[in-house]
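Participant: Here it is: the structure, laid out below.
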Amino acid sequence: MSRKLPLIAPEEFGEDEVPEPSAFDTLAETTGAMPWWIVSGAFHGLLLLLVTLIGMTLVCPTAPDTVVTTILEKRAPQEPPEPVRYDAVQTSFAIASELPPMDHTMIVHDEVEVDKRTETADDRDDEKCKGESLDRISDVAFSGTGFSASLGLSGAPAGAYGHRSESGRRRRTAENGGDRRTDDGFKAALRWLARHQEPDGHWDTLKYGASVKTDTACTGLALLTFLGSGHTEKVGTYRDNVRRAVAWLKSRQNADGLVFDSTDAGGHRGVGYPHAIAGMALAEAAGMARVGDTVQAAQRAIDYTTKVHQQGEGYERLGFRYQPKQAGDLSVTGWYVMQLKSAKVSGLKVDVSAFDGAIRFLDSVEKKGAGGDRGYGPASIYWYQPTDEHGHSAHRLTAIGTLCRQFLGWKEAELAPSVEWFVDKGGVPDGWGEGKTDLYYWYYGSLCTFQQGGEVWKRWNAGMKKTLCDNQRVGGDEDGSWDPVGDYANEWGRVGQTALACLCLEVYFRILPVYR
């Protein structure tokens, strides 16, 4: 039987003194009829809950949450920017003012032994640059950009020279008509050049058969051969040779950017050729390894070319010659066109008016239809200067002018008659000796016919391979070099002769084809 709690009777108070029922009174009245164990359980449960809450508060104090609300301003949708496209430089285009620095190495080159005469897969002791096709050596594609379409920038400089890697070189040699003979030949030439480099990095032309001192130009040519096969300041078997050559050229740079050794024989050729060739080598070295000091030196060289040396000012510029601002000739201008294109591909700043000036100069020395109809249409030929034909050099000059047009964006069909004309006029490389050898013509002819492709390239390539490989020296101190015979060879000696011949044998991979 449950027991009720006693309640205070209202009559014990006065009429105005009746108190409001307390919470306990209400609780007692509500629970009075409940069993005692229910009341006890409820009480202890409430007590346990209070203890738990107090403990949590003491152990885990928390700061009050702060909620920050931001109302975003509604923006109008934006159209994506138009992609930047570089067209042929016969129309004006803008060059990026500055490219971001790149720390990674551009080229990965497999190490090879320096002291072997040839590198073959079967340990043969080849005494000449002979061999078989490279078709089976490598079928690995190498993805890189570079000289494409009009040789404009088709990607970041990281890929601009990727085709010069070991895998890229082997693949393109096989694709473009080279073989084991040409591969062995250029490697032997590199070994000779490496062995005969001076400790300070330059090549001494007088020591090796030159009649005049032309060390700046020939050091630039020699450096181009190493760069052309993928060796840089950072990677490659010959990276030390590259570093020393680059350092020597930089040490010969004047405050205005001119690269020229003052002890060289300036003579009637002045500083035009040396700076053009050395500047091109620095530009390629800068684009391949992105060494800060080299990039800066290369940019100064290009600035000298466009701001100091080129004839004319602004958009009234024309060509290049031996001395600054001198009326241009096609022979010197050809080297500067190649220098400026290498600079552009390497990501250096090049004033567009410099290209425009070169194009105007080419227009002034082009004689449309003067070569007759070669079956492809009337052939343009090129003169030395606007009023100087230099008829005995017509084949050389037309090779130079046509190559410049290829690099500056002219169409293949437009140039085919001129290529056929100079090959018919000057012939393909054939024979060795005075009156037969002309490395200056062969260098330009190899580049130009390779770019043109087709049957004219096949004819040229067959003669070039045989002539150069059959006449490369074997054995002794001259192993891997070519004797300095033929037109102009006395001016550059064995160093220049070997460098030009080596560049001919690198034609398969050094510069990508424009038209295919």
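For the sequence shown, the positions run 1 to 516 when the working numbering is used. Ideal Cβ placement from N, Cα and C applies to all residues, glycine included.
If you check the beta carbons only, do residue 465 and residue 182 fall under 8 Å apart?
Facilitator: Going by C-beta atoms, residue 465 is nearer than 8 Å to residue 182.
Participant: Buried or exposed for residue 199, going by 16 or more other Cβ atoms inside 10 Å?
Facilitator: Looking at its Cβ environment, which holds fewer than 16 other Cβ atoms inside 10 Å, residue 199 is exposed.
Participant: Report the three-state DSSP secondary structure of residue 356 (helix, strand or coil).
Facilitator: Correct three-state label for residue 356: helix.
Participant: Could you check what DSSP says for residue 367 in three-state terms: helix, strand or coil?
Facilitator: It is a strand residue.
Participant: On a Cα-Cα basis, can you pick out the residue from 229, 339 and 179 that is closest to residue 354?
Facilitator: Among 229, 339 and 179, the Cα nearest to that of residue 354 belongs to 339.
Participant: Specify the secondary structure class of residue 277 as computed by DSSP and reduced to three states.
Facilitator: Correct three-state label for residue 277: helix.
Participant: So what's residue 378 in DSSP terms, helix, strand or just coil?
Facilitator: Here residue 378 sits in strand by DSSP.
Participant: On the three-state DSSP scale, how would you describe residue 310?
Facilitator: Residue 310: coil per DSSP, three-state reduction.
Participant: Is the region 453 to 468 close to the region 172 to 192, with three or more CB pairs under 8 Å?
Facilitator: Result yes; three or more Cβ-Cβ pairs closer than 8 Å.
Participant: Looking at the structure shown, is residue 259 part of a helix, part of a strand, or coil, going by DSSP?
Facilitator: Residue 259 falls in the strand class under three-state DSSP.
Participant: Whose C-beta lies closer than 6 Å to the C-beta of residue 380 among residues of the same chain, with five residues either side of it excluded?
Facilitator: So the qualifying residues of the chain are 366, 368 and 418.
Participant: Which value, in whole angstroms, describes the spacing of the CA atoms of residue 386 and residue 362?
Facilitator: Looking at the two C-alpha atoms, the distance is approximately 9 Å.
Participant: Pop quiz: residue 188 and residue 242 are said to be a contact at Cβ under 8 Å. What is the actual Cβ separation, rounded to whole angstroms?
Facilitator: Residue 188 to residue 242, Cβ: 18 Å. No contact.
Participant: Distance, Cα to Cα, residue 171 vs residue 279?
Facilitator: Cα-Cα distance, rounded: 29 Å.
Participant: Count the other CB atoms within 10 Å of the CB of residue 323; is the residue buried (16 or more) or exposed (fewer)?
Facilitator: It counts as exposed.
Participant: Quick one: Cα of residue 120 to Cα of residue 190, how far?
Facilitator: Bear in mind that the predicted position of residue 120 carries a pLDDT of just 32, short of 50, making it unreliable; the figure below should be weighed with that in mind. The alpha-carbon atoms of residue 120 and residue 190 are separated by roughly 16 Å.
Participant: Residue 310 and residue 349 - do their beta-carbons sit closer together than 8 Å?
Facilitator: No, they are not a contact pair.
Participant: If contact is defined by three or more beta carbon pairs under 8 Å, each pair taking one atom from either stretch, is the region 408 to 424 in contact with the region 474 to 485?
Facilitator: Counting Cβ pairs under 8 Å, fewer than three are found: no touch.
Participant: Suppose you measure from the CA of residue 259 to the CA of residue 208; what does that come to, to the nearest Å?
Facilitator: One C-alpha to the other measures close to 22 Å.
Participant: Is it right to say residue 384 is buried, meaning 16 or more other beta carbons lie within 10 angstroms of its own, or is it exposed?
Facilitator: Buried, since its Cβ has 16 or more Cβ neighbours within 10 Å.
Participant: According to DSSP, which residues form a beta bridge with residue 253?
Facilitator: In the DSSP output, where bridge partners are listed per residue, residue 253 has 259.
Participant: Using a threshold of 8 Å, state whether the C-beta atoms of residue 201 and residue 244 are closer than that.
Facilitator: Yes, the pair counts as a contact, with Cβ atoms nearer than the cut-off.
Participant: Ordered along the chain, which non-local residues of its own chain (more than five positions away) have a Cβ less than 6 Å from that of residue 220?
Facilitator: For residue 220, where only same-chain residues beyond five positions count, the Cβ hits under 6 Å are 277, 278 and 281.
Participant: I need the boundaries of the alpha helix (DSSP H) containing residue 510, first residue and last residue.
Facilitator: Note, residue 510: premise wrong, no alpha helix (DSSP H); not H, not E.
Participant: Return the first residue and the last residue of the alpha helix (DSSP H) that residue 417 is part of.
Facilitator: Per DSSP, residue 417 belongs to the alpha helix (DSSP H) from 412 to 426.
Participant: Pick helix, strand or coil for residue 240, following the three-state DSSP scheme.
Facilitator: Reduced to three states, the DSSP call for residue 240 is helix.
Participant: Can you tell me where the alpha helix (DSSP H) holding residue 458 begins and where it ends?
Facilitator: Unbroken alpha helix (DSSP H) run through residue 458: 454 to 470.
Participant: Give the C-beta separation of residue 436 and residue 371 to the nearest angstrom, bearing in mind that I take them to be a contact with Cβ-Cβ under 8 Å.
Facilitator: About 24 Å; that fails the 8 Å criterion.
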